[in-house]
Amino acid sequence: MKKLHIVILLFIAAGIAVLLSFMSDLTTYDTVASARAKEGKFVHLIAKLDKNSPIEYDAVKNPNYFAFTAIDTLGNSTKVVYLNTKPTDIEKSERLVLKGAMRGDMFECKEILMKCPSKYKDEAGTDTKSFSANL
Amino acid sequence: MQYPGEHLLPGQFGHFFTILSLVAALVATVAYYKSAQAILPDEQQSWKKIARIAFGANVASLVAIFALLLYIISNHYFEYFYAWNHSNKTLDPKYLLSCIWEGQEGGFLLWSLWQGLLGLILMRTAKTWEAPVLTVISFAQFTLATMLLGVYIFGVKIGLNPFLLVREQFQEAPLFRSPNYLSAPAMQDGQGLNQLLQNYWMVIHPPVLFLGFASTVVPFGYALAALWQRRYTEWTKPVLPWALFSAAILGTGIMMGAAWAYESLTFGGYWAWDPVENASLVPWLILVAGLHTNLIYNSTGYSQRTTVLFYILTYIFVVYSSFLTKSGVLGDSSVHAFVSAGLNAQMVLWMAVIIIPAIWLLINRYKQIPAIVKEESTYSREFWMFIGSLVLFLSAMYVIISTSLPVINKLFKTNLAVGEDVEFSYNRVQIWIAILIGVLTAITQFFRFRETPDRKNLRMRMLIPGSVALLATIAIAVFGPIEYYKYGAGFLAAIYVAVFASIYAVFGNIFYIWKGLNGKLKSAGGSVAHIGFGMMLLGILISSSKKEVLSHNTTGIHLPFSENSKENPVENLTLIKTVPTDMGRYTATYVSDSLNSKGNITYFKIRFDEKNGKESFALYPNLIRNTKGAEGFSNNPDSRHYWDKDIFSYISYADQIDPQKDTSSFKPHEMEIRDSVFYSNGFMILDSVVHNPSFGPYQYTANDTALMAVLTIYVKDGRTYKSRPILEIKNGQIEHKPDTAFAQNLILNFNRITDEQKPEIGVKESGNILPFVSLKVYLFPHINVLWLGTIIMIIGFVMSIVWRVRTMRPKMKVVQKN
Chain A
201 MKKLHIVILL FIAAGIAVLL SFMSDLTTYD TVASARAKEG KFVHLIAKLD
251 KNSPIEYDAV KNPNYFAFTA IDTLGNSTKV VYLNTKPTDI EKSERLVLKG
301 AMRGDMFECK EILMKCPSKY KDEAGTDTKS FSANL
Chain B
3 MQYPGEHLLP GQFGHFFTIL SLVAALVATV AYYKSAQAIL PDEQQSWKKI
53 ARIAFGANVA SLVAIFALLL YIISNHYFEY FYAWNHSNKT LDPKYLLSCI
103 WEGQEGGFLL WSLWQGLLGL ILMRTAKTWE APVLTVISFA QFTLATMLLG
153 VYIFGVKIGL NPFLLVREQF QEAPLFRSPN YLSAPAMQDG QGLNQLLQNY
203 WMVIHPPVLF LGFASTVVPF GYALAALWQR RYTEWTKPVL PWALFSAAIL
253 GTGIMMGAAW AYESLTFGGY WAWDPVENAS LVPWLILVAG LHTNLIYNST
303 GYSQRTTVLF YILTYIFVVY SSFLTKSGVL GDSSVHAFVS AGLNAQMVLW
353 MAVIIIPAIW LLINRYKQIP AIVKEESTYS REFWMFIGSL VLFLSAMYVI
403 ISTSLPVINK LFKTNLAVGE DVEFSYNRVQ IWIAILIGVL TAITQFFRFR
453 ETPDRKNLRM RMLIPGSVAL LATIAIAVFG PIEYYKYGAG FLAAIYVAVF
503 ASIYAVFGNI FYIWKGLNGK LKSAGGSVAH IGFGMMLLGI LISSSKKEVL
553 SHNTTGIHLP FSENSKENPV ENLTLIKTVP TDMGRYTATY VSDSLNSKGN
603 ITYFKIRFDE KNGKESFALY PNLIRNTKGA EGFSNNPDSR HYWDKDIFSY
653 ISYADQIDPQ KDTSSFKPHE MEIRDSVFYS NGFMILDSVV HNPSFGPYQY
703 TANDTALMAV LTIYVKDGRT YKSRPILEIK NGQIEHKPDT AFAQNLILNF
753 NRITDEQKPE IGVKESGNIL PFVSLKVYLF PHINVLWLGT IIMIIGFVMS
803 IVWRVRTMRP KMKVVQKN
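Top line first, the protein sequences correspond to chains A and B.
Heads up: take any position in the first sequence, counting from 1, add 200, and you land on our numbering.
Heads up: take any position in the second sequence, counting from 1, add 2, and you land on our numbering.
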């Protein structure tokens, strides 16, 4: 057996090990109910902003505290706390991907990805193609 | 129906040229194929003649399409969807080009244009390789030309037509039932260019990146041509300068994108392992791996099979990357991928026609590719270079597998997502790659090809730069230690090892130029590129691991919220206008804000005073009003650059971006001197009225007409404030300069002088007059090492290209003389 073959085998073994550890760290996209079932586990919660509940944000008092209620497609809702500034235009978002974990009765969110509608979508039925930078 | 006012001619020409480019590319493919397959020289020549004309027609059409599109956009013909959707009248002319590559159509057009121009160069220089290589490129041109068609075939949408009219795009909209729709307000201006693309990097980054993507077709074409024609020995030399060119340009394009991200996005860095970034990095890594195996083959005869594989995979991954970013499949995982444009079926087909024939040909011919059975010596350069290439390839595979999770989810109906810490999931693997590549870059050149006879000398040559690097690493640990405990001591140790490896790469290659090449810079392109690469690694490691948040919120209320609260991003500091606020080693003050002349950018002047009094400077982070009908603003950071660090800041929240309705109004009070007026928390007295005052920022002279009312506000609790609203007559216009007592939420305005010659003071009590911003400030140390390393690496690539082309040339001259 060539030395290079041994090296390649070693690399393959290392690659598999890395991939396994990568797999074990993967999380899932969840609903409120399934996230609640895995309390404390990091998930991607897919939901939208509940516009009927109040949004808590007062940047003068604390710019790093933003709380709101998220509701998923099944109608379940949860309070979400995000220790950061309020993302611009979150009121207009139509879908949120909330990365974080359930703790007690609220969702502790570390990152928010927003999907904002295009103004012309309803009118035209086709979305305008554009970058959407929601960071 | 006739629609008056439309400019249909450029669109009709545009349609004609899109069809022509498609047909011409198809003709060129067939003709080049026939020429490559022909045995008789006459037949070869006649097919080649047709092919050249067809290919030329394809490129000419693409130039015409580009010019027409630019013409439509710069003339603001908003009846065209492309102009309407991607530009507007207020746009700065320098961003007109950016409008072209904002849409997917423009991206494909640019790509195809570059590919065509590269094809023209090959037509002149590739000689016997012209026919087979250009068969591949013509076919690639054909696939790209379909992307601009905009037709439906059996219900499948094929391509996006850049010359579509708005009324064709939105056929259902009632507006377009009127023949005079162009005079409607909605058609007077376009949607504008995305605010984040209004940045000078975005004028230059896409063309360079697309040139990089387009140029990967040349090594791909050569590799396929070699397999197809079974000409395994002659292709590896002429392909090398092209592979170097491609790696240089693609690398530059990627780093320009990083520079843009650093300057105009707010994640606070130049790289976030975003899928769109990864998608461009992966082909580059594989290409660089292929480049090295190509060098091995040219010097020793080993590794041709790997070279073919890597060059083919490079282009396949370029196509796959394009699919990832344009199909909308990354929607949930990327912040700046395109939204699906309905081309997915076509894109899958596109990948199939590129991947299947290429892989089929490779499998079919694999055994025929010459390979050396004898094992490489461990004391040979090819052995270690091969391992390095393998490491680069594995690194690319790891990145692409995790980036492809959304595709895996689609295929297998799973719902997996990268875990909690996306960046770390890459970094913890890539740090080992960095270590391996750094050390291999440092030592490999000291080996000779095939066998290194003087092993003692070899060890010495490795040891000297190694000890220098070790000393430098220790110096860093002592004088500027990295304190990155976020992921534990193990990861910190790995960072130190990687720092050592990258410094070793730099010094190893400097030493090699000096000792191994005796200072001959002409042939040192590779080593120079390695030095640049080592510096890039070092810059990345230091700037990321020593990145500091300066804007720790010391004033906010801390909530008993989470057990690992130190990781929570309490990194935003609220600044109230004109109030100096403590921010670590600085005092930060939100001084003022101003609007640019077009009214779409608000600049916030934030002054930073170092507490030791050494330095004081202002940054102007700003908010750009969103385009395309979206309300709100986007952030645009501002940085102060030092030779050894950057202070990077952006507005994370401003009350302006979230306006609350201010319903209260000014209550007028006619006052005489010494009169008093009550408000909810006390009362105020008019002390005096000064004519043409000179006070603070207001310096009026006898030529002006200005009145300043001086009032004293008495608060119930005993505090007093002075307030000085001003009334000024300027060019016959009355101007008010109200004064605000922030602490009392009071605004006083000098309304007018009444008919009875008495001053009238307006008093407004408001709940939210306190202007403030939330600010995020980072310190990036030694980021210039990264940028400088990038430039040196590119210089190294260019030196290599020049050297490789030169060393090929003399041989040709000898042939010509005979």
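Quick reminder that beta carbons are idealized off the backbone N, C-alpha and C, glycines included.
Because the structure is a prediction, the values reported are computed rather than measured.
Exercise for the section: Have a look at His-560(B) and Asn-262(A) and give me their C-alpha separation to the nearest angstrom. Expected result: Because the pLDDT of His-560(B) is 35, which lies under 50, any placement of that residue in the model is unreliable, and the number read from its coordinates should be weighed accordingly. In a straight line, the C-alpha of His-560(B) is about 8 Å away from that of Asn-262(A).
Problem - Cβ-based burial, Trp-362(B) [other Cβ within 10 Å; buried from 16] - result: exposed
Exercise for the section: Taking the CB atoms as reference points, tell me whether Asn-624(B) and Ser-776(B) lie closer together than 8 Å. Expected result: With respect to the 8 Å criterion, Asn-624(B) and Ser-776(B) are not classified as neighbours on the basis of their beta carbons.
Practice task
Please state whether DSSP places His-207(B) in a helix, a strand or coil.
Solution key: helix
Practice task
Note down the Cα distance separating Met-306(A) from Thr-269(A), rounded to an integer number of angstroms.
Solution key: Between the alpha carbons of Met-306(A) and Thr-269(A) lies a distance of about 9 Å.
Practice task
Tell me, please, whether the CB atom of Thr-228(A) is closer than 8 Å to any CB atom in chain B?
Solution key: yes
Exercise for the section: Give me whichever residues DSSP pairs with Gln-735(B) in a beta bridge. Expected result: Lys-732(B)
Handout entry: Residues of its chain near Ile-803(B), where Cβ-Cβ distance is below 8 Å and the 5 sequence neighbours each way are ignored
Key = Pro-243, Leu-246, Phe-247, Ala-250 and Gly-527
Exercise for the section: Closer than 6 Å by C-beta to Gln-171(B): which residues in its own chain qualify, once you throw out the five before and the five after it? Chain order, please. Expected result: Phe-83
Practice task
With DSSP as the reference, label Asn-429(B) as helix, strand or coil.
Solution key: In the three-state reduction of the DSSP assignment, Asn-429(B) falls in the helix class, which pools H, G and I.
Problem - Close-in-space but distant-in-sequence residues of the same chain around Thr-31(B) (CB under 7 Å, 5 per side omitted) - result: Thr-137, Ser-140, Phe-141 and Phe-144
Exercise for the section: Could you spell out where the beta strand (DSSP E) holding Glu-144(A) opens and where it closes? Expected result: The displayed coordinates of chain A run from 201 to 335. Any statement about residue 144(A) would go beyond what the structure contains.
Problem - Sequence-distant residues of the same chain with beta carbon closer than 6 Å to Arg-609(B), five excluded per side - result: Thr-591, Val-593 and Ala-620
Exercise for the section: Verify the CB distance criterion: does Ile-288(B) have a CB-CB separation below 8 Å to chain A? Expected result: no
Handout entry: Span separating the alpha-carbon of Val-530(B) from that of Ser-546(B)
Key = 24 Å
Handout entry: Secondary structure, beta strand (DSSP E): runs of 3+ residues fully inside the region 591-637 of chain B
Key = Look at the region 591-637 of chain B and you find these whole runs of beta strand (DSSP E), each 3 residues long or longer: 603-612, 618-621 and 624-627.
Handout entry: For Tyr-723(B), the first and last residue of its enclosing beta strand (DSSP E)
Key = 722-725
Exercise for the section: With 7 Å as the C-beta to C-beta threshold (strictly closer), list the residues of the region 8-35 of chain B near chain A in chain order. Expected result: none
Handout entry: Contacts that Val-551(B) makes with chain A (C-beta to C-beta distance below 7 Å)
Key = Within chain A, no residue comes near Val-551(B); the closest Cβ sits about 12 Å away, beyond 7 Å.
Exercise for the section: Could you name the residues of the same chain whose beta carbon sits closer than 6 Å to that of Leu-729(B), not counting the 5 residues immediately before and after it, in chain order? Expected result: Leu-709 and Phe-752
Practice task
May I have the straight-line CA-CA distance separating Ala-263(B) from Tyr-605(B), to the nearest angstrom?
Solution key: 19 Å
Practice task
Count the other CB atoms, across all protein chains shown, that sit within 10 Å of the CB of Pro-562(B); report buried if there are 16 or more and exposed otherwise.
Solution key: Below a pLDDT of 50, predicted positions are generally treated as unreliable, and Pro-562(B), at 34, falls in that range; no measurement from the model is reported.
Handout entry: Inter-residue Cα distance where the pair is Asn-459(B) and Tyr-381(B)
Key = 12 Å
Problem - CB contact flag (Leu-297(B), Met-387(B), <8 Å) - result: Leu-297(B) is a Cβ neighbour of Met-387(B), given a cutoff of 8 Å.
Exercise for the section: Can you tell me which of Ala-291(B), Leu-42(B), Ala-228(B) and Gly-764(B) puts its alpha carbon nearest to the alpha carbon of Pro-372(B)? Expected result: Ala-228(B)
Exercise for the section: Check whether the Cβ of Tyr-322(B) lies closer than 8 Å to any Cβ atom in chain A. Expected result: no
Problem - Spatial distance of Glu-674(B) from Gln-190(B) (CA atoms) - result: The alpha-carbon atoms of Glu-674(B) and Gln-190(B) are separated by roughly 52 Å.
Exercise for the section: Would you kindly work out how many angstroms separate the C-alpha atoms of Ile-533(B) and Ala-260(B), rounded to a whole number? Expected result: 20 Å
Exercise for the section: Could you please tell me which residues of the region 404-426 of chain B, in chain order, have their CB closer than 7 Å to any CB of chain A? Expected result: Ser-404, Asn-417, Leu-418, Ala-419, Val-420, Gly-421 and Glu-422
Handout entry: Three-state class that DSSP yields for Met-149(B) in the structure shown
Key = For Met-149(B), the secondary structure class from DSSP, reduced to helix, strand or coil, is coil.
Practice task
Check the Cβ of Pro-263(A) against every Cβ in chain B and list those closer than 8 Å, keeping chain order.
Solution key: Those are Asn-555, Gly-558, Asn-574, Leu-575, Thr-576, Ser-654, Tyr-655 and Ser-776, listed as they occur along chain B.
Exercise for the section: Within 10 angstroms of the Cβ of Ser-180(B), are there 16 or more other Cβ atoms? Answer buried if so, exposed if not. Expected result: exposed
Practice task
Flag Thr-218(B) as yes if its beta-carbon sits less than 8 Å from any beta-carbon of chain A, otherwise no.
Solution key: Closer than 8 Å: no.
Problem - the region 420-439 of chain B touching the region 485-493 of chain B, judged by at least three CB pairs closer than 8 Å - result: yes
Problem - Three-state secondary structure assigned by DSSP to Gln-117(B) - result: helix
Handout entry: Of the residues Glu-762(B), Val-717(B) and Asn-346(B), the one placed nearest Glu-672(B), counting alpha carbons only
Key = The option with the nearest alpha carbon to Glu-672(B) is Glu-762(B).
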